[in-house]
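Colleague: Residue numbers (the working numbering), protein chains in the order written: chain A, 2 to 320; chain B, 2 to 359; chain C, 32 to 548. First the structure, which I've put down as structure tokens, then a few questions once you've had a look.
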Amino acid sequence: MNDAFFSLLFSSYSLFMIIRVTTPILFASMACLIAKKAGVRNITIEGTMLISALIGVIVSAKCQNVWIGVLLGMVSGVAIALFLGYFHLFLDTDIWMSGIGINRIAEGGTIFLMFVLTGDKGSTAALASLSVPDVDIPVIKDIPLLGDILSGHSLFTYLAIICVIAIYILLYKTPLGLRIRAVGEYSMAVESVGKKSSHIKLVALAISGLCSSLGGMFMSMSYASRFAKNMMAGRGFIGIAAESMGSGTPFGAAISAFIFGVFDALANIMQSFSFPTELVLMIPYLATLVGLVVYSSVRKLKEKKRIRNANKKIAKEAK
Amino acid sequence: MTNKRINQMFSMIKTLISIVIAMILAFVVILLVSNEPLNALNAFVTGPLSSLRRFGQMLEYAIPVALCALAVCVTFSLNMSTVIGEGCSFFGGLLATAFILQLGFTGFIAKTIAIVGAGLICALVAAVPMYLKLKFDADLFVASLMLNYVLLYLGLYILNYHFRDPDYGMTASYEMPRESMLTNIIPKTSVTTGLILAIVAMVVIYLVMDKTSFGYQIKLIGSNSKFAKYSGVSIFRISMLASLVGGFLSSMGGAVECLSRNARFQWTALPGYGWDGILIATIAGFKPKNLPLAVLFIAYIRTGADIMNRSSDVAAELVTVVQALMILLIAAKGFLSKAQQRLIVKNAKKLASLEGAK
Amino acid sequence: MEPILQVQGVSKIYGNGIVANKNVHFSINAGEIHALMGENGAGKSTLMKVLFGMEKPDEGKIIVEGTQVDIHSPIDALKLGIGMVHQHFMLVPSLTVAENMILCDEPCKGPFISMSEAVAITEQTALKYHLPIDPRARISDLSVGMKQRVEIIKALYRHAKILILDEPTAVITPQESEELFVQLKKLREMGHTVIFISHKIREVKELCDRITIMRHGETVGSYDVDDLSEEDISGLMVGRRIAKKVDKKKAEPGKAILKVKGLYYGLSENRLLLDNVCFCVHAGEILGVAGVEGNGQRELVEIIAGLREAEKGFIYIENREVTGRTVRQIRDAGVSHIPQDRLTYGAATGSTIAENLISDCSGNKQFHNGILYSKKKISEYANKLISRFQIKCDSEDTPVAMLSGGNMQKVVVARELRSNQKLIIADQPTRGIDVGTANLIHKQLIELRDQGAAILLISADLGEVMALSDAIIVMYDSKIVAYLKDVPSLTDKQLGRYMLGVEQQTEEQIREVFDDE
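Take a look at the structure:
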């Protein structure tokens, strides 16, 4: 029994699955990152993912065209982010309240809309929604072990990896990225050269919404082929946690997201063996919590050490 | 008129307008979506008053939600957003059921041990994210959110592996003896002594927040934490205590609900009382004395939506959207702020010229 | 030749009634280094904010190169060639020098920033103005002096012809100051104009061509620096004090209540803010701490009050050590603190007057009936204080935010000046307060002194310090430079000289303020 478990755990199948389940968390972490860099704590990622997931499904079903569905899903993601931006930046609403409010609107709104269109509150199975195709990468798919792991993923998965690289390039190589980083760290510096920090934040939020929408649509148009209520199951929040442990960089966040993907896949695998389901399902969240604690305490200790050293230096010079 | 009156007036007006806008939106949606809009509207607006049972339903929903809202009043007054209410209400309900099933005896003492015991445990759990924030600067929101899920699955594990009744069709615990459950006080409904507990809790928390040094210090920290520190308030001690109290209250919300309605614990997901509690507390301006009205209002439209859901073709989730929209509008400080500012500036200039003349 | 910048009749009144600038008049010639001097509260910062577009004046004209202008924002100011080097730098710490330079004006190669060009631009500008800097250095790694240099280069890059420097030497080492002066002189040779805001007379004498002196929001006059001696300048800045007459008996100091021994503090960037500070305050004595702000007084006060931790040294209250204790413990030892920054630390603007008045003793039994608050008792207490300090309000339940600035301050003072306190720390207690109330506060302080309290009075207001204090220590540049026991025969000119760094006592004289029992 145990042999079977471990051989499955380290097989190319599970590695494939890890990459697969990491996809939404990766998008979510990028969404969190870009907004945070601009100084906005965007916690509506979960809700945005939900809404985009539903919109993508509905539109693809109605138009019988998966790409239009994806496009409108992306538009909806950006729209929600701008909605958040309007309330937070222009109506001076507390970012946590705005976030909670929008997430709740998403939770209830998606079920409501689903019910209106399909008469079902559980899922959109009744709709003939389309899925985004998996991609078999030409040369790679034939490589013995690597091919099974790297090829054949959903288009979204490859997009997620490209997203990480794109966010990196955006933040560190383009003017917009420089301004976003400046505005998030010290908006006065930007204001003193005459640009409005709220405009820059809005752009960052729009990008954030875009990433969230892709993560959401992955779930309903690739991972599964329908929308189900509350189908994000906290992945948006896990993405936020992953970002907070990524030292504020895209690749750091990606690695954290990957680690959580490992736990998520682990949970999946353990379920097919007779580990108690509930404890297994708990693992990703517990891991996030522990990770958060470890990360924060390490950071705090480093900070204390730095101050102690600075103090020692000065006390020495004073003698 | 004085600035204080201007602000009070605007606060009330903003809340009312937010509610009105949200409700109008709801009505519009119902009209658009329903094939029988008048029936739906009727069920929504008058449903809860149409029978004793339905009125009772409203109260049954109000009780756990009121307790969770009380918890939010306490913790959000610190100006710190913890969302552990969801997990605590769920876990509190589970623990209370577990206590009852484990205790060999029934009656008043059993119920008290169950509710208080569950409350104490959940209080400690609720304090964990706050501790992490204060000592390690961890993100309070994410930590409490993750803990909610941990509590959910831990609770389900305990249910499935220790208290699950294998003979019962759905996932549920063993049946609790009738005598261990809270006593019914309104016949034909499931409203129990839990209602009295909720009312007592509201009074107690009102007194604590408004009339004790503890509540005062909480509000001081929320108002200006630098000033609180300067005045000698221990931010650590007060915040931790506030979390403990909040956890206890949320847990009580879940416990009371589980010991009132069904003889078995049947939740398989987080009940949603935590989120509704946040919403209600926001509408009440985080002041316990405004809670009864806010609770009844939300309970009313919730129940109305439920009744509408059952007797017509409009889904109850509409109300979730409407409630959340209300939160957004009420929390939007910039909403109507221009008019408010204009009045204040006018007033200030008047005051300044009076002072200058002296 | 026409002056490059003229300020005519500028006035600015803040929303809470404080008159920051009143009919300010001066002009600056092209290619000169012009000093703007004045004590704290004189109005210099506000004037600069007006010039740089961060505040709008209520009255007056600004004329740049002969044309009247409206400056609505920093961008307008920059377009007119006015650049500012703030005290708090407008630099993003984690970005490099080059990145900060080109922010919002980035040189591009396609969609990407051309970092090589940014570096080149930085190097060229730095070279042109003889301000060597490493373009690839991260701001957070730079010393304060270097950061200041980046700010200067930034302003010059954006074509500033007039450079305003706000207290530039307040945060850099003496060596860096010397370098800065060399660079400023070079800039002058290149035709730039510099407005140098400072309170350090010696520096101004060394560096500047002309000087404008401000006092209480008004301009006293503009002069050629060579025409004035250091004494003259200090005299003009300090002005003629309306001799403050405060009725007080001679002090009868008892035992030492507060003892500060060997205090060091200097976390910020290699600069000591407190350098071996030692002194005692006795019961029944008012010890004044005179000095222009920024010489370590703030840190001293915060450390004694428990809001900051000293890096080295000891503090004793009634011979019990309180170094490093919590604010609660220090307050419980009988310490009151009127903070300088009253709005941030001294009050909760969202709360009512009554709530503010009991903030430091909210658990006190006198406010309770059993375990609950008695509104009556709290109101009684609050109203007593309101009438004693004549706080203009509707009632004790008025939110503090609704009060005028002066009245808000009165609330803070009212709370802290209670009887039975062992030590009262009063940090700029009457700043921003009308004369009537200031006198009231002075009377209260003396009354409390006579009841046996030890009072540590920190004030940049010479008149106040001299009228109230039984003894005075002067702080300059993180050290105590004078201990003056004979206050009645002290002239403000003399005090001004100590405060402005012109003179310093001997070590023996200074050591007398500390008695080690």
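Glycine residues also receive a C-beta, built at the ideal position from the N, C-alpha and C atoms.
Less than 8 Å between the C-beta atoms of M98 (chain A) and S214 (chain A), yes or no?
Modeller: The residue given as residue 98 (chain A) occupies position 97 in the first sequence. The residue given as residue 214 (chain A) occupies position 213 in the first sequence. Against a cut-off of 8 Å, the Cβ pair of S214 (chain A) and M98 (chain A) comes out as no contact.
Colleague: Please return the same chain residues whose Cβ sits closer than 8 Å to the Cβ of L132 (chain A), not counting the five positions on each side in sequence.
Modeller: Taking the first sequence and counting its residues from 1, the one referred to as residue 132 (chain A) is at position 131. Note on identity: in this sequence residue 132 (chain A) is Ser, with Leu being the wrong assignment. Answer for S132 (chain A): V67, M222, S223 and S226, listed in chain order.
Colleague: Would you please verify whether the beta carbon of P199 (chain C) is less than 8 Å from any beta carbon of chain A?
Modeller: On the third sequence, residue 199 (chain C) is found 168 positions in, with the first residue counted as 1. It does not: the Cβ of P199 (chain C) has no partner Cβ on chain A nearer than 8 Å.
Colleague: Please classify R265 (chain B): does DSSP put it in a helix, a strand, or coil?
Modeller: Position 264 of the second sequence holds residue 265 (chain B). Three-state DSSP puts R265 (chain B) in coil, outside helix and strand.
Colleague: Helix, strand or coil: which one does DSSP assign to F106 (chain B)?
Modeller: Here the question's residue 106 (chain B) lines up with position 105 in the second sequence. Looking at F106 (chain B) - three-state DSSP - the assignment turns out to be coil, as it is neither helix nor strand.
Colleague: Determine which residues of the stretch 232-255 of chain A have a Cβ less than 8 Å from any Cβ of chain D, and write them out in chain order.
Modeller: Of the protein chains in this structure, namely A, B and C, none is chain D.
Colleague: Give the straight-line distance between the Cα atoms of T383 (chain C) and E427 (chain C), rounded to the nearest whole angstrom.
Modeller: In the third sequence, the residue the question calls residue 383 (chain C) occupies position 352. In the third sequence, the residue the question calls residue 427 (chain C) occupies position 396. Answer to the nearest angstrom: the Cα atoms are 7 Å apart.
Colleague: The alpha helix (DSSP H) that contains V76 (chain A), what's its start and end?
Modeller: On the first sequence, residue 76 (chain A) is found 75 positions in, with the first residue counted as 1. The continuous alpha helix (DSSP H) containing V76 (chain A) extends over residues V67 to G86.
Colleague: Please state whether DSSP places A191 (chain C) in a helix, a strand or coil.
Modeller: As a working note, residue 191 (chain C) is residue 160 in the third sequence. Looking at A191 (chain C) - three-state DSSP - the assignment turns out to be coil, as it is neither helix nor strand.
Colleague: From the beta carbon of Y207 (chain B), is the nearest beta carbon of chain C less than 8 Å away?
Modeller: Taking the first residue of the second sequence as position 1, residue 207 (chain B) is located at position 206. By this cut-off, Y207 (chain B) is not an interface position.
Colleague: What does DSSP give as the partner residues of R169 (chain C) in its beta bridges?
Modeller: Position 138 of the third sequence, counting from 1, holds the residue named residue 169 (chain C). According to DSSP, R169 (chain C) bridges with C:T127.
Colleague: Does the separation of the CB atoms of E261 (chain C) and I228 (chain C) fall below 8 Å?
Modeller: As a first step, residue 261 (chain C) is located in the third sequence; it is residue number 230 there, counting from the start. As a first step, residue 228 (chain C) is located in the third sequence; it is residue number 197 there, counting from the start. Contact flag unset, no.
Colleague: Might you give, ordered along the chain, the residues of its own chain that have their beta carbon closer than 7 Å to the beta carbon of K178 (chain C), omitting 5 neighbours on each side?
Modeller: The sequence position of residue 178 (chain C) within the third sequence is 147, counting from 1. Only F120, L122 and I170 meet the Cβ criterion.
Colleague: Taking the C-alpha atoms as reference points, what is the distance between D363 (chain C) and I288 (chain C)?
Modeller: Residue mapping note: residue 363 (chain C) aligns to position 332 of the third sequence, counting from 1. Residue mapping note: residue 288 (chain C) aligns to position 257 of the third sequence, counting from 1. Whole-angstrom Cα-Cα distance: 14 Å.
Colleague: Starting from A333 (chain B), find everything on chain A with Cβ-Cβ shorter than 8 Å and list it in chain order.
Modeller: Numbered from its first residue, the second sequence carries residue 333 (chain B) at position 332. Simply F88, L92, D93 and T94.
Colleague: Using 8 Å as the threshold, is the C-beta distance between L203 (chain A) and G86 (chain A) below it?
Modeller: The residue you call residue 203 (chain A) lines up with position 202 of the first sequence. The residue you call residue 86 (chain A) lines up with position 85 of the first sequence. Yes, the pair counts as a contact, with Cβ atoms nearer than the cut-off.
Colleague: What is the DSSP secondary structure of Q341 (chain B), counted as helix, strand or coil?
Modeller: Within the second sequence, the letter at position 340 stands for residue 341 (chain B). Looking at Q341 (chain B) - three-state DSSP - the assignment turns out to be helix.
Colleague: Could you list which residues in chain B have their beta carbon closer than 7 Å to that of Y404 (chain C), in chain order?
Modeller: Residue mapping note: residue 404 (chain C) aligns to position 373 of the third sequence, counting from 1. Result: K212 and T213.
Colleague: Ordered along the chain, which non-local residues of its own chain (more than five positions away) have a Cβ less than 7 Å from that of K306 (chain A)?
Modeller: If you number the first sequence from 1, residue 306 (chain A) lands on position 305. Hits under 7 Å: none found.
Colleague: Would a check of beta-carbon distances place M189 (chain A) closer than 8 Å to chain C?
Modeller: Counting from one through the first sequence, the residue named residue 189 (chain A) turns up at place 188. Judged by the 8 Å Cβ criterion, M189 (chain A) is in contact with chain C.
Colleague: Could you confirm whether any beta carbon from chain A is found closer than 8 Å to the beta carbon of L147 (chain B)?
Modeller: Residue mapping note: residue 147 (chain B) aligns to position 146 of the second sequence, counting from 1. The question names Leu, yet the displayed sequence has Met at residue 147 (chain B). Cβ-Cβ to chain A under 8 Å: yes for M147 (chain B).
Colleague: Using the Cα positions of M85 (chain C) and W276 (chain B), report the straight-line distance between them to the nearest angstrom.
Modeller: Locating residue 85 (chain C) in the third sequence gives position 54, where the first residue counts as 1. Locating residue 276 (chain B) in the second sequence gives position 275, where the first residue counts as 1. Those two C-alpha atoms are separated by around 42 Å.
Colleague: Just list the alpha helix (DSSP H) runs in the stretch 370-409 of chain C, keeping only unbroken ones of 4 residues or longer that don't cross its boundaries, in chain order.
Modeller: Here the runs fully enclosed are 384-388.
Colleague: Within 10 angstroms of the Cβ of L294 (chain C), are there 16 or more other Cβ atoms? Answer buried if so, exposed if not.
Modeller: In the third sequence, residue 294 (chain C) corresponds to position 263, counting from 1. Buried, because 16 or more other Cβ atoms sit within 10 Å of the Cβ of L294 (chain C).
Colleague: Report back the beta-carbon spacing between M245 (chain C) and K75 (chain C) to the nearest angstrom; my notes put them in contact at under 8 Å.
Modeller: Here residue 245 (chain C) is taken as the residue at index 214 of the third sequence, counted from 1. Here residue 75 (chain C) is taken as the residue at index 44 of the third sequence, counted from 1. Their Cβ separation, rounded to whole angstroms, is 6 Å, which keeps M245 (chain C) and K75 (chain C) in contact under 8 Å.
Colleague: Interface residues of chain C around G233 (chain B) at Cβ under 7 Å?
Modeller: Within the second sequence, numbered from 1, the residue matching residue 233 (chain B) stands at position 232. Within 7 Å Cβ-Cβ: V358, R359, R362 and D391.
Colleague: Taking the runs of the beta strand (DSSP E) that are 3 residues or longer, which of them lie wholly in the stretch 223-261 of chain C?
Modeller: 224-229, 241-246 and 249-255
Colleague: Since K43 (chain C) sits in a beta bridge, which residues does DSSP pair it with?
Modeller: Counted from its first residue, the third sequence places residue 43 (chain C) at position 12. Answer is C:N52, bridged to K43 (chain C).
Colleague: Note down, in chain order, every chain C residue with its Cβ under 9 Å from the Cβ of S224 (chain B).
Modeller: Walking along the second sequence from the start, residue 224 (chain B) turns up at place 223. Neighbours of S224 (chain B) on chain C, chain order: A379, T380, G381, S382 and E386.
Colleague: With 8 Å as the limit, tell me which residues of the stretch 72-89 of chain B have their beta carbon closer than that to any beta carbon of chain A; keep them in chain order.
Modeller: Answer set for the stretch 72-89 of chain B: S82 and V84.
Colleague: So with CB distances below 8 Å, who are the chain B contacts of L290 (chain A)?
Modeller: Counted from its first residue, the first sequence places residue 290 (chain A) at position 289. In chain order: A144, M147, L148 and V151.
Colleague: When the Cα atoms are used, what is the spatial distance from S299 (chain C) to L121 (chain B)?
Modeller: For the purposes of this step, residue 299 (chain C) is identified with residue 268 of the third sequence, where counting begins at 1. For the purposes of this step, residue 121 (chain B) is identified with residue 120 of the second sequence, where counting begins at 1. Any reading at S299 (chain C) needs caution, since the residue's pLDDT is 49, under 50, leaving its predicted position unreliable; the model's value is listed next. Whole-angstrom Cα-Cα distance: 45 Å.
Colleague: Would you say A39 (chain A) lies against chain C (beta-carbon separation less than 8 Å)?
Modeller: Translated into positions along the first sequence, residue 39 (chain A) becomes position 38. Output row for A39 (chain A): interface = no.
Colleague: Going by beta carbon distance, what residues of the same chain come within less than 8 Å of G249 (chain A), once the five residues before and after it are set aside?
Modeller: Position 248 of the first sequence holds residue 249 (chain A). So the qualifying residues of the chain are L34, K37 and K38.
Colleague: Does any residue of chain B bring its CB to less than 8 Å from the CB of K122 (chain A)?
Modeller: Along the first sequence, read from residue 1 onward, the residue named residue 122 (chain A) stands at position 121. For K122 (chain A), the answer is yes, since a Cβ of chain B falls inside 8 Å of its Cβ.
Colleague: At the 8 Å Cβ level, is K227 (chain B) part of the contact set with chain C, yes or no?
Modeller: Position 226 of the second sequence, counting from 1, holds the residue named residue 227 (chain B). K227 (chain B) counts as touching chain C.
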